[in-house]
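J.: In the numbering used here, the protein residues as written are 330 to 574.
Backbone N, C-alpha and C fix where the C-beta goes; we use that ideal spot for every residue, glycine too.
This is the structure, below, for whatever I ask next.
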């Protein structure tokens, strides 16, 4: 790992995440909602309680958590065509929403949730890198708010959420390890990794690839350790957002 910091991170150190804010109850109608901002990346995450389950879970006595993800037309440079107009979701969209769903189900006891599902929607209103990781971190808070309503209404007797979950990106540029990549960094990095981790520091998923150069097992371990540092800060922000609500 090189010690020479990059000079184009808008004043951030290599191991410093972007400014993070989580605004709970951002939308009045949703069972749970947040606006999460990671630097210039902004995502609205909502949770909707549905007293039905998918067909494959019928009469099994347990629930489900699933997610949908999308980017608004003006969320990135140049207008993006709505996928609904195109008539199908892109492979990227399907991959991301499955990742969000997997990440949340990893920390939920589906039997305690009962025969219902919670639908998560993550809508990117501004993209500057890390939209999938921001979506996971924000979706957890929206999910927790929806579960709180189920508990308050007496629809469930125990909290089905075992622990918190959050995600962040890390990468490598010219041997420098960077935390929480923005779009220019993400598009030019030699290695790009997304890390999903629980509050007990258990890994849920690692998505990593060599973009411009290969990386060693030692560098991978260093990148995961760097991600762990950033995720601890996100977990603290999640906890604060829920405590203030």
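1) Thinking just about the alpha-carbon of each residue, which of 350, 373, 536, 367 is nearest to the one in residue 361?
2) Looking only at C-alpha atoms, which of 554, 489, 375 sits nearest to residue 500?
3) Excluding the 5 residues flanking residue 455 on each side, which residues of the same chain have their C-beta closer than 7 Å to its C-beta?
4) Tell me whether the segment 386 to 396 and the segment 346 to 364 touch, counting them as touching only if at least three CB pairs, one residue from each stretch, are closer than 8 Å.
5) According to DSSP, is residue 369 helix, strand or coil?
6) Applying the criterion that 16 or more other CB atoms from any shown protein chain within 10 Å of the CB defines a buried residue, is residue 346 buried or exposed?
7) Quick check on DSSP: helix, strand or coil for residue 538?
8) Along the chain, where does the beta strand (DSSP E) that runs through residue 450 open and close?
9) According to DSSP, is residue 554 part of a helix, a strand, or is it coil?
10) Tell me whether residue 420 sits in a helix, a strand or coil according to DSSP, three-state version.
11) Between which two residues does the beta strand (DSSP E) holding residue 383 run?
12) Do you know whose CA, among 420, 402, 448, 440, lies nearest residue 391's CA?
13) By DSSP, does residue 462 sit in helix, in strand, or in coil?
14) Should the segment 523 to 537 be called in touch with the segment 473 to 490, which here means at least 3 C-beta pairs below 8 Å?
15) Using the C-alpha atoms, what's the distance from residue 432 back to residue 442?
16) Short of 8 Å in beta carbon distance, which residues of its chain neighbour residue 544, apart from the five on each side in sequence? Order them along the chain.
17) Between the Cα of residue 393 and the Cα atoms of 400, 380, 462, 401, which residue gives the shortest distance?
T.: Working from what's here:
1) 373
2) 554
3) 369, 370, 371, 404
4) no
5) Reduced to three states, the DSSP call for residue 369 is coil.
6) In the assembly as shown, residue 346 is a buried residue. Its beta-carbon has 16 or more other beta-carbons within 10 Å.
7) It is a strand residue.
8) 446 to 455
9) In the structure shown, residue 554 falls within a helical segment according to DSSP collapsed to helix, strand and coil.
10) helix
11) It is not in any beta strand (DSSP E) - residue 383 carries neither H nor E in the DSSP assignment.
12) 440
13) The three-state secondary structure of residue 462, taken from DSSP, is helix.
14) no
15) 16 Å
16) 501, 519, 520, 552
17) 380
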